[in-house]
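Participant:
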Amino acid sequence: FGSDAFGSFVRFVRRVRVRLFGSVVRTGHSQSNDYRVAVFGAAGVGKSLLVLRFVRGTFQETYIPTVEDTYRQVISCDKNICTLQITDTTGSHQFPAMQRLSISKGHAFILVQPIYEQVCQIKGDIHKIPIMLVGNKTDETQREVAANEGEALASKWKCSFMETSAKMNYNVQELFQELLNLEKRRTVSLQVDGKESKQQRKKDKLKGKCSLM
Numbered sequence: 001f002g003s004d005a006f007g008s009f010v011r012f013v014r015r016v017r018v019r020l021f022g023s024v025v026r027t028g029h030s031q032s033n034d035y036r037v038a039v040f041g042a043a044g045v046g047k048s049l050l051v052l053r054f055v056r057g058t059f060q061e062t063y064i065p066t067v068e069d070t071y072r073q074v075i076s077c078d079k080n081i082c083t084l085q086i087t088d089t090t091g092s093h094q095f096p097a098m099q100r101l102s103i104s105k106g107h108a109f110i111l112v113q114p115i116y117e118q119v120c121q122i123k124g125d126i127h128k129i130p131i132m133l134v135g136n137k138t139d140e141t142q143r144e145v146a147a148n149e150g151e152a153l154a155s156k157w158k159c160s161f162m163e164t165s166a167k168m169n170y171n172v173q174e175l176f177q178e179l180l181n182l183e184k185r186r187t188v189s190l191q192v193d194g195k196e197s198k199q200q201r202k203k204d205k206l207k208g209k210c211s212l213m
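When the letters of the sequence shown are read in order and numbered with UniProt numbering, they come out as residues 1 to 213.
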């Protein structure tokens, strides 16, 4: 990272983090194995290249700005077949409503060198949300983000960090697999907490019906 690039990166992440912290109640899975993943990042950081490498196994050198694209990919996790619905969001600031909608509907998030505050504002308790901070384009000799800077940000925001290269197909499959693992563990934890809460409510209700003789 140069200092200017790093500063722009942090500001962009903070905007998304602010929106993520807002108000939207998280969407439950019930018994479904469908998971919605939203990919965020500033324009030109390689979001679309990363997604297309994962979904289609291809790499395209030409930069084509994205407004918003959605892809579906079947992936195996813990001997179960899951479907990822991946939203490749715009890197432009001209479509804030689209970004908010992607955040509110998302189960898990990939932040490709930016976008944290927005996610926090909309989602609430950010530490319970599966988020991967990604340092992409590790194949380039002049890096905008040093690994230790990315790790420091991830530590500060209490999320996971991974370096990738869509061009070299480095850590692409691993990125989505790990994100799915994090979300499945979170879902199981919520289900357990829900059962315990329901059992406690039943106990409290029974206590209320008891009377002394």
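Don't be surprised by glycine CBs; every beta carbon is placed ideally from N, CA and C.
No experiment lies behind these values; they were computed from the predicted model shown.
Can you tell me whether D78 is buried or exposed? The criterion is at least 16 other CB atoms within 10 Å of its CB, across all chains shown.
Facilitator: Numbered from its first residue, the sequence shown carries residue 78 at position 78. By the neighbour-count rule (16 or more Cβ atoms within 10 Å), D78 is not buried but exposed.
Participant: For the alpha helix (DSSP H) containing G150, name the first residue and the last one.
Facilitator: Your numbering for residue 150 matches position 150 in the sequence shown. 147-157 is the extent of the alpha helix (DSSP H) around G150.
Participant: Closest Cβ-Cβ distance between F161 and chain C: below 7 Å?
Facilitator: The displayed structure is made up of one protein chain only, and chain C is not part of it.
Participant: Pick from F40, A152, M132, R100: whose alpha carbon is nearest that of L182?
Facilitator: Here residue 182 is taken as the residue at index 182 of the sequence shown, counted from 1. Residue M132 is the option with its Cα nearest to L182.
Participant: Within 10 angstroms of its Cβ, does N148 collect 16 or more other Cβ (buried), or is it exposed?
Facilitator: Taking the sequence shown and counting its residues from 1, the one referred to as residue 148 is at position 148. With fewer than 16 other Cβ atoms within 10 Å, it is exposed.
Participant: What are the partner residues of N80, as DSSP defines its beta bridges?
Facilitator: Taking the sequence shown and counting its residues from 1, the one referred to as residue 80 is at position 80. Note: N80 sits in a beta bridge opposite C77.
Participant: When you compare only the Cα positions, how much space is there between K167 and E61?
Facilitator: If you number the sequence shown from 1, residue 167 lands on position 167. If you number the sequence shown from 1, residue 61 lands on position 61. Near 8 Å, if we compare the C-alpha coordinates of E61 and K167.
Participant: In whole angstroms, what separates the C-alpha of K184 from that of H93?
Facilitator: Here residue 184 refers to the residue found at position 184 when the sequence shown is read from its first residue. Here residue 93 refers to the residue found at position 93 when the sequence shown is read from its first residue. C-alpha separation (whole angstroms): 31 Å.
Participant: Name the two residues that bound the continuous alpha helix (DSSP H) containing A166.
Facilitator: Numbered from its first residue, the sequence shown carries residue 166 at position 166. Note, A166: premise wrong, no alpha helix (DSSP H); not H, not E.
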